[in-house]
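So the sequences go chain by chain: A and W.
When we follow the numbering used here, the leftmost residue of the first sequence carries the number -14, and every step to the right adds one.
When we follow the numbering used here, the leftmost residue of the second sequence carries the number 33, and every step to the right adds one.
Glycine included, each C-beta is placed from N, C-alpha and C at the ideal position.
Following: one structure in structure tokens, then a few remarks.
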Amino acid sequence: DAGITQSPRHKVTETGTPVTLRCHQTENHRYMYWYRQDPGHGLRLIHYSYGVKDTDKGEVSDGYSVSRSKTEDFLLTLESATSSQTSVYFCAISEGTSGGGNEQFFGPGTRLTVL
Amino acid sequence: GEDVEQSLFLSVREGDSSVINCTYTDSSSTYLYWYKQEPGAGLQLLTYIFSNMDMKQDQRLTVLLNKKDKHLSLRIADTQTGDSAIYFCAPYSGAGSYQLTFGKGTKLSVIP
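If you want it as structure tokens, here you go:
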């Protein structure tokens, strides 16, 4: 299994509080991604990174920010959590287009509940 | 952008074959991935097919690609209870984009 960890694995927080989720990889992969998974929506991309300090928005980026100061860490921040951000969050990594493909490897997920 | 469609549910008896279907819209998709998600876990890369192939076999898994109709299928032979999971189709077109677009997933239930 790819060396990807996410912390925390579970979190319950209140509306309006800031929340930071961490993704850590030991594979030295260039690309990192944050997805959210909701019933009826499948996986939707929030933000991704293509290198240290290089990030871009995904499909559902409103209300989220990210930072990547080191190759191995990708942080997802909810500045002021809302109930609509209750979800399961997955981090993924990939080497990108080496060989033409983009196989992504996923972490175990963080279940976030915003009350 | 890419649209990916999958049936939401599939139920099969243990020992039978399962066929999970996927349609996509981006004809420039070069790699087409299948992922498996077991309950409470992340997604696991199962297999993939390159767009210049019609079929790829990997043990009990067979991937069929109809590029003209933009239709992808995953066949699982001799389905076992351990195959119960959600299966996601994810085409990738490259061309400067590093994003995979996932279907909503097909939940496979295996009846003992």
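| Asked | Found |
| --- | --- |
| Helix, strand or coil at Ser(-8)(A) [DSSP, three-state] | strand |
| Residue from Gly43(A), Ser65(A), Leu28(A), Leu30(A) whose Cα sits closest to the Cα of Leu100(A) | Ser65(A) |
| Distance CB(Ile78(A))-CB(His14(A)) smaller than 9 angstroms | yes |
| Test: Ser79(A) CB closer than 9 angstroms to a CB of chain W | yes |
| Residues near Arg7(A) by beta carbon distance below 6 angstroms, same chain, minus five either side | Ser(-8), Leu60 |
| Residues of its chain near Ser125(W), where Cβ-Cβ distance is below 8 angstroms and the 5 sequence neighbours each way are ignored | Glu34, Asp58, Ser60, Ser61, Thr62 |
| In DSSP terms, what His101(A) is bridged to | The displayed coordinates of chain A run from -14 to 100. Any statement about residue 101(A) would go beyond what the structure contains. |
| DSSP three-state assignment for Gly27(A), whether helix, strand or coil | strand |
| Supposed contact pair Ala109(W) and Ser43(W) - C-beta distance, whole angstroms, cut 8 angstroms | Not really, about 17 angstroms apart at Cβ, beyond 8 angstroms. |
| is_contact[Phe41(W), chain A] using C-beta, thresh 9 angstroms | no |
| Inter-residue Cα distance where the pair is Val51(A) and Thr62(A) | 6 angstroms |
| Interface residues of the segment 130 to 142 of chain W facing chain A [CB-CB below 7 angstroms] | Tyr130, Gln131, Leu132, Phe134, Gly135, Lys136, Gly137 |
| Whole-Å CB distance - Ser83(W) paired with Ser116(W), under 8 angstroms assumed | Not a contact, Cβ separation roughly 30 angstroms. |
| Alpha-carbon spacing of Val51(W) relative to Glu70(W), whole angstroms | 18 angstroms |
| Euclidean distance between Cα positions of Gln70(A) and Asp23(A) | 10 angstroms |
| Bridge partners - Glu44(A), DSSP secondary structure assignment | Partner(s): none; Glu44(A) has no beta bridge. |
| Proximal residues of chain A, C-beta to C-beta of Gly74(W) below 7 angstroms | Phe75, Phe91, Gly92, Pro93, Gly94 |
| Cβ-Cβ separation, Glu88(A) to Leu77(W) (assumed contact under 8 angstroms), whole Å | 6 angstroms |
| Residues bridged to Asp90(W) (per DSSP) | Leu93(W) |
| Lys68(W): first and last residue of the uninterrupted beta strand (DSSP E) it sits in | 63 to 69 |
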